[in-house]
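Student:
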Amino acid sequence: MQKTIILFCLMLMGIFANAQSSKYIIDFETDVPVFNFISDQVTEVTGNVLLNDGTKAQAGFGYKITMTISGGPDGSTPINYLLRDNSGPALATAASKFDVGGTKIREQFGGAAALSFAFLGRETNGADYTYLRDPSSNMRFTLELDNGEDLDNVTYVLGDMDYSLENTDPSSPCFGPTDSNNYICRFSYIDQVTVVSGAGSNEYTFVDPARIYQVGGNNIRGNSIASSRQRVGDTFYANVPDANNDQIVDAELDGRVPGTDGDGNITVYNPGNIGKQIIFDYNDPGFGLVGDADGYHDFDSYNQVMSFMTGMTFGSCKPILSQGETDIFQGEQACISVTGTSSYTVSPLIGVSQSGENLCLSPTETTVYTITSITDGCTDSAQFEVRVWNETAVPTMSQWGLMIFGLLILNIAVMFVYQQEQILAGVTAKK
Ligand SMILES: [Ca+2]
Ligand SMILES: [Ca+2]
Ligand SMILES: [Ca+2]
Ligand SMILES: [Ca+2]
Numbered sequence: 001m002q003k004t005i006i007l008f009c010l011m012l013m014g015i016f017a018n019a020q021s022s023k024y025i026i027d028f029e030t031d032v033p034v035f036n037f038i039s040d041q042v043t044e045v046t047g048n049v050l051l052n053d054g055t056k057a058q059a060g061f062g063y064k065i066t067m068t069i070s071g072g073p074d075g076s077t078p079i080n081y082l083l084r085d086n087s088g089p090a091l092a093t094a095a096s097k098f099d100v101g102g103t104k105i106r107e108q109f110g111g112a113a114a115l116s117f118a119f120l121g122r123e124t125n126g127a128d129y130t131y132l133r134d135p136s137s138n139m140r141f142t143l144e145l146d147n148g149e150d151l152d153n154v155t156y157v158l159g160d161m162d163y164s165l166e167n168t169d170p171s172s173p174c175f176g177p178t179d180s181n182n183y184i185c186r187f188s189y190i191d192q193v194t195v196v197s198g199a200g201s202n203e204y205t206f207v208d209p210a211r212i213y214q215v216g217g218n219n220i221r222g223n224s225i226a227s228s229r230q231r232v233g234d235t236f237y238a239n240v241p242d243a244n245n246d247q248i249v250d251a252e253l254d255g256r257v258p259g260t261d262g263d264g265n266i267t268v269y270n271p272g273n274i275g276k277q278i279i280f281d282y283n284d285p286g287f288g289l290v291g292d293a294d295g296y297h298d299f300d301s302y303n304q305v306m307s308f309m310t311g312m313t314f315g316s317c318k319p320i321l322s323q324g325e326t327d328i329f330q331g332e333q334a335c336i337s338v339t340g341t342s343s344y345t346v347s348p349l350i351g352v353s354q355s356g357e358n359l360c361l362s363p364t365e366t367t368v369y370t371i372t373s374i375t376d377g378c379t380d381s382a383q384f385e386v387r388v389w390n391e392t393a394v395p396t397m398s399q400w401g402l403m404i405f406g407l408l409i410l411n412i413a414v415m416f417v418y419q420q421e422q423i424l425a426g427v428t429a430k431k
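Counted the way our numbering counts, the sequence shown spans residues 1 to 431.
1. On the three-state DSSP scale, how would you describe residue 32?
2. To the nearest angstrom, how far is it from the Cα of residue 240 to the Cα of residue 287?
3. Using a Cβ-Cβ distance under 8 Å, would residue 158 count as near chain B?
4. For residue 119, tell me which candidate among 50, 312, 305 has the shortest Cα-Cα distance.
5. How many Å lie between residue 137 and residue 277 at the Cα?
6. Can residue 378 be considered in contact with ligand 1, in the sense that its beta carbon sits closer than 7 Å to one or more heavy atoms?
7. Which word fits residue 366, buried or exposed, when buried means at least 16 other C-beta atoms lie within 10 angstroms of its C-beta?
8. Is it buried or exposed for residue 324, if we count other Cβ within 10 angstroms and need 16 for buried?
9. Please confirm whether any heavy atom of ligand 3 lies closer than 7 Å to the CB of residue 294.
10. Within 7 Å: the Cβ of residue 250 and any heavy atom of ligand 2?
11. Beta-carbon within less than 7 Å of residue 260's beta-carbon, same chain only, minus the 5 sequence neighbours each way: which residues are those?
12. Going by Cα to Cα distance, which pick from 206, 349, 343 is closest to residue 379?
13. How about residue 135 and residue 173: are their beta carbons less than 8 Å apart?
14. Should the region 299 to 313 be regarded as contacting the region 23 to 35, the criterion being three or more beta carbon pairs within less than 8 Å?
15. For residue 345, which residues of its own chain have a beta-carbon under 8 Å away from its beta-carbon, when the five flanking residues on both sides are left out?
16. State the Cα-Cα distance for the pair residue 166 and residue 147, rounded to the nearest angstrom.
17. Could you give the distance in angstroms between the alpha-carbon of residue 362 and the alpha-carbon of residue 355?
18. By Cβ distance, which residues of its chain are closer than 6 Å to residue 213, with the 5 residues on each side in sequence left out?
19. Just how far apart, CA to CA, sit residue 20 and residue 155?
20. Counting along the chain, where does the beta strand (DSSP E) carrying residue 304 start and finish?
21. Rounded to a whole number of angstroms, what is the C-alpha to C-alpha distance between residue 143 and residue 64?
22. Counting along the chain, where does the beta strand (DSSP E) carrying residue 144 start and finish?
23. I need the DSSP call for residue 275, collapsed to helix, strand or coil.
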């Protein structure tokens with residue numbers, strides 16, 4: 001029982017170490033990325049990957065983020081955009097595009113440095129506006145490494161998920177819940193994100209679960225999420241007031257989160273290999289106020305912004321063993337290769353012969369060895385069990401067994417001789 005508890009504790013420690021230890025980090029403050037605005041709909045961001053060992057030295061490879069916007073109200077749109085005085089239909093709509101001014105590295109956007117990405121909501125068009133967002137607007141964020149390697153043991157944070165349907169500035173003529181179907185007051189947006197990479201196996205944590213609604217999750221509106229880590233549901237939107245869950249907003253409120261605050265952040269963790277890209281989609285679910293004929297909010301805020309926080313970590317330093325267990329006879333040795341780490345320790349130090357990747361073990365009794373990587377301050381371990389068989393202990397027949405076996409053989413032999421005699425007797429009789 002005690003052994004089981006100790007084992008369980010070790011397992012928990014292992015999980016903890018795995019979640020905490022990763023080889024690499026993307027740090028926007030130490031290595032400031034370069035933005036390349038390729039078109040109104042495509043922005044690339046490049047930078048160097050750093051070692052996650054405190055030195056934050058360059059790891060020798062980089063990353064590229066590609067953000068691509070699609071959709072927008074230029075085609076058919078369900079939104080009834082109006083002129084800025086509500087006197088008639090809006091002058092124009094156009095395809096969605098980046099707000100270049102809002103797409104940058106900010107000192108604080110989710111409580112820490114972050115890459116903020118922004119849709120432009122409208123552009124001035126003479127005395128009025130051209131509207132640029134609607135429910136079809138989407139930004140796909142893709143991050144990949146320039147060494148072509150897979151991403152494993154990944155942790156990253158999406159910041160500033162919030163919404164706005166109300167102006168809370170008492171000095172504004174739009175003060176209060178005045179936005180709905182009103183283009184004199186222009187501030188409506190609802191952030192929504194769907195994580196594509198690692199879908200179904202990602203683990204999500206929220207700073208403030210009441211701020212974020214996880215579609216398909218087991219959170220209940222108004223209540224905090226029971227478990228801090230949720231594996232179900234990869235789509236999230238800012239938790240607008242919607243007590244009956246019918247995706248119709250109950251009341252116009254201001255759900256904005258200040259940039260200095262992490263309350264709108266979602267941490268995404270995946271202990272496995274998610275492939276070569278981190279991918280998520282950013283858009284707006286469009287939910288309108290209860291009683292609103294067209295069912296959509298106005299999509300008339302100046303812009304809509306979220307962020308990818310500094311500090312994404314990845315890369316496991318778990319030693320990769322060529323085998324997890326083996327059987328040997330006493331006096332023999334078991335040899336395996338240890339990869340995935342440049343240096344490692346072995347415990348217990350009994351019958352250990354270590355030469356680079358090659359590790360040979362010759363314990364005198366069954367032993368579980370723990371192989372721990374000690375690379376770049378990144379520590380993780382794997383286990384290898386060597387079961388030892390004693391040759392003299394191999395089950396042999398007891399002397400009694402041998403005697404019984406001998407008697408059995410003798411019995412068969414007597415029967416055989418008897419049968420042969422019968423056959424011979426028969427042959428003789430026929431003659
Ligand atoms: Ca409005
Ligand atoms: Ca509702
Ligand atoms: Ca509406
Ligand atoms: Ca936001």
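From the three backbone atoms N, C-alpha and C, an ideal C-beta is built for every residue, glycine too.
Tutor: Let me spell this out:
1. What you label residue 32 is simply residue 32 of the sequence shown in a count that begins at 1. Note: residue 32 maps to coil in three-state DSSP.
2. Sequence index remark: in the sequence shown, residue 240 carries index 240 (1-based). Sequence index remark: in the sequence shown, residue 287 carries index 287 (1-based). Those two C-alpha atoms are separated by around 9 Å.
3. In the structure shown, chain B does not exist; there is a single protein chain.
4. In the sequence shown, the residue the question calls residue 119 occupies position 119. The residue with the shortest Cα to Cα distance from residue 119 is 305.
5. The residue you call residue 137 lines up with position 137 of the sequence shown. The residue you call residue 277 lines up with position 277 of the sequence shown. If I take the Cα positions, the gap works out to 22 Å.
6. In the sequence shown, counting from the first residue as 1, residue 378 sits at position 378. No - ligand 1 has no heavy atom lying nearer than 7 Å to the Cβ of residue 378.
7. Here residue 366 is taken as the residue at index 366 of the sequence shown, counted from 1. When all chains shown are included, residue 366 counts as exposed.
8. Along the sequence shown, one-based indexing puts residue 324 at 324. Exposed: under 16 other Cβ atoms inside 10 Å.
9. Residue 294 sits at position 294 when you count from the first residue of the sequence shown. Yes - ligand 3 has a heavy atom lying nearer than 7 Å to the Cβ of residue 294.
10. By one-based count along the sequence shown, residue 250 stands at place 250. Yes, Cβ of residue 250 sits closer than 7 Å to a heavy atom of ligand 2.
11. Within the sequence shown, residue 260 is the residue found at index 260, counting from 1. Closer than 7 Å at Cβ, skipping near neighbours: 108, 111.
12. To locate residue 379, count along the sequence shown from 1; it is residue 379. When only C-alpha atoms are compared, the closest one is 343.
13. Walking along the sequence shown from the start, residue 135 turns up at place 135. Walking along the sequence shown from the start, residue 173 turns up at place 173. Against a cut-off of 8 Å, the Cβ pair of residue 173 and residue 135 comes out as no contact.
14. yes
15. For the purposes of this step, residue 345 is taken as the residue at position 345 of the sequence shown. Counting only Cβ-Cβ distances below 8 Å, and skipping sequence neighbours, we find 371, 372, 374.
16. Counting from one through the sequence shown, the residue named residue 166 turns up at place 166. Counting from one through the sequence shown, the residue named residue 147 turns up at place 147. Taking the straight line joining both Cα atoms gives about 46 Å.
17. Here residue 362 refers to the residue found at position 362 when the sequence shown is read from its first residue. Here residue 355 refers to the residue found at position 355 when the sequence shown is read from its first residue. Taking the straight line joining both Cα atoms gives about 14 Å.
18. Here residue 213 is taken as the residue at index 213 of the sequence shown, counted from 1. Contacts found: 237, 239.
19. For this step, residue 20 is matched to residue 20 along the sequence shown. For this step, residue 155 is matched to residue 155 along the sequence shown. Low confidence applies here, because residue 20 scores a pLDDT of 48, under 50, leaving its location unreliable; read the following figure in that light. Taking the straight line joining both Cα atoms gives about 9 Å.
20. Start at 1 with the first residue of the sequence shown, and residue 304 comes out as number 304. That run of the beta strand (DSSP E) goes 303 to 309.
21. As a position in the sequence shown, residue 143 is number 143, starting the count at 1. As a position in the sequence shown, residue 64 is number 64, starting the count at 1. Cα to Cα, residue 143 sits roughly 6 Å from residue 64.
22. On the sequence shown, residue 144 is found 144 positions in, with the first residue counted as 1. It spans 138 to 145 - the beta strand (DSSP E) in which residue 144 sits, taken as one unbroken run.
23. For this step, residue 275 is matched to residue 275 along the sequence shown. Note: residue 275 maps to coil in three-state DSSP.
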